[in-house]
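Colleague: Here you go, one structure.
Residue numbers (my numbering), protein chains in the order written: chain A, 1 to 112; chain B, 1001 to 1111.
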C-alpha cells in the first residue's frame, strides 16, 4: 500500500521561528511536491523536486526553502515563520507525469 | 499565472439529486485530473483525462475533458452522503511537472 507521511498533523509556532516540515514517501518516486492549501485558493505549489538535490520553485516560493538529500524525503523549511504562513501544507509524490499524485495527510500550521 | 476556476464553489444538495461541477481555464492542458479530499486528509485521485472530448465513468461519476482541453466537468448521478467532500481539478501543462489546481468545490450531500 502506497504511503506518503508527513512529520506532524498539527503545529503551532511563534513568529520568527524556523519551522521544518518533513515528508517521506515509500514508493521510490522521482518527483515530490510541497503545496499550501487555503480556502478559496485551492492548492498552490511552493516547490517541487524531480530528483535528489534538484529543486524548482513553484508559484509561491517566497519565505520557503526545501531540501532533498534522499530520494524518499523532501523537507520544507520556513526560515522565519510569519502569520501569513498559517495554512495547511500538503506533500505529494509522483513517479512521472501525468501519473497519480499521492498526497500525505497534511500539516496544519498555525503561526502566532 | 495559469488559473483553473471551479464552479460552483459550494454545493449543498439532497441525497438522490444530480449535480455537475465545472473546471475552466483559458490555458490548454495535456491532461487533467480530478481529486476528492475529505476533512483531515490529503486529496485522492479519482480520474485522469488526457484526450480532448474524452469521457470517463467511475460508477455514478462521469468526467469529461473539453474538446479544446481547456475545461472539464464532473457529473454525479444520484448523489449519496458518501460523496461529500472537496472536489479539486488539476491541470498539467505539456513538458512540465507542475500541476495547476482549481479553486475547489465543496459538496455536501444531505441524507
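Backbone N, C-alpha and C fix where the C-beta goes; we use that ideal spot for every residue, glycine too.
1. Assess contact between the stretch 1015-1029 of chain B and the stretch 1072-1080 of chain B, defined as three or more Cβ pairs (one per stretch) separated by less than 8 Å. Is contact present?
2. Does the beta-carbon of residue 1080 of chain B have 16 or more other beta-carbons within 10 angstroms, so that it is buried, or is it exposed?
3. Please name the residue, chosen from B/1109, B/1096 and B/1085, that lies closest to residue 1038 of chain B on a Cα-to-Cα basis.
4. Should residue 68 of chain A go down as buried or exposed, given a rule of 16 or more other Cβ atoms within 10 Å for buried?
5. Along chain B, which residues have their Cβ under 9 Å away from the Cβ of residue 105 of chain A?
6. I'd like to check one pair, residue 1006 of chain B with residue 1103 of chain B: are the Cβ atoms closer than 8 Å?
7. The stretch 1094-1107 of chain B: which residues have C-beta closer than 7 Å to a C-beta of chain A, in chain order?
8. Comparing C-alpha positions only, which one of B/1010, B/1069 and B/1036 sits nearest to residue 1024 of chain B?
9. Any idea what DSSP makes of residue 63 of chain A, helix, strand or coil?
10. Compare the C-beta of residue 101 of chain A against all C-beta atoms of chain B and say whether one is closer than 8 Å.
11. Here's a check: name, in chain order, each residue in its chain whose Cβ is nearer than 7 Å to the Cβ of residue 1015 of chain B, leaving out the five neighbours to either side.
12. Step through the CB atoms of chain B and report whether any lies within less than 8 Å of the CB of residue 10 of chain A.
13. Could you pull the DSSP bridge partners for residue 959 of chain B from this structure?
14. State the DSSP-derived secondary structure class of residue 1077 of chain B, mapped to helix, strand or coil.
15. List the residues of chain A whose Cβ lies closer than 8 Å to the Cβ of residue 1088 of chain B, in chain order.
16. Apart from the five residues just before and just after residue 14 of chain A, which ones in its own chain have a Cβ nearer than 8 Å to its Cβ?
17. Is it buried or exposed for residue 1042 of chain B, if we count other Cβ within 10 angstroms and need 16 for buried?
18. If you measure from the beta carbon of residue 1046 of chain B to each beta carbon in chain A, is any gap under 8 Å?
Modeller: If we stick to the structure as given:
1. yes
2. exposed
3. B/1085
4. buried
5. 1040, 1041 and 1042
6. yes
7. 1097, 1098, 1099, 1101, 1102, 1103 and 1104
8. B/1069
9. coil
10. yes
11. 1079, 1080, 1081, 1109, 1110 and 1111
12. no
13. The question about residue 959 of chain B has no answer, for chain B in this structure spans 1001 to 1111.
14. coil
15. 42 and 43
16. 81, 111 and 112
17. buried
18. no
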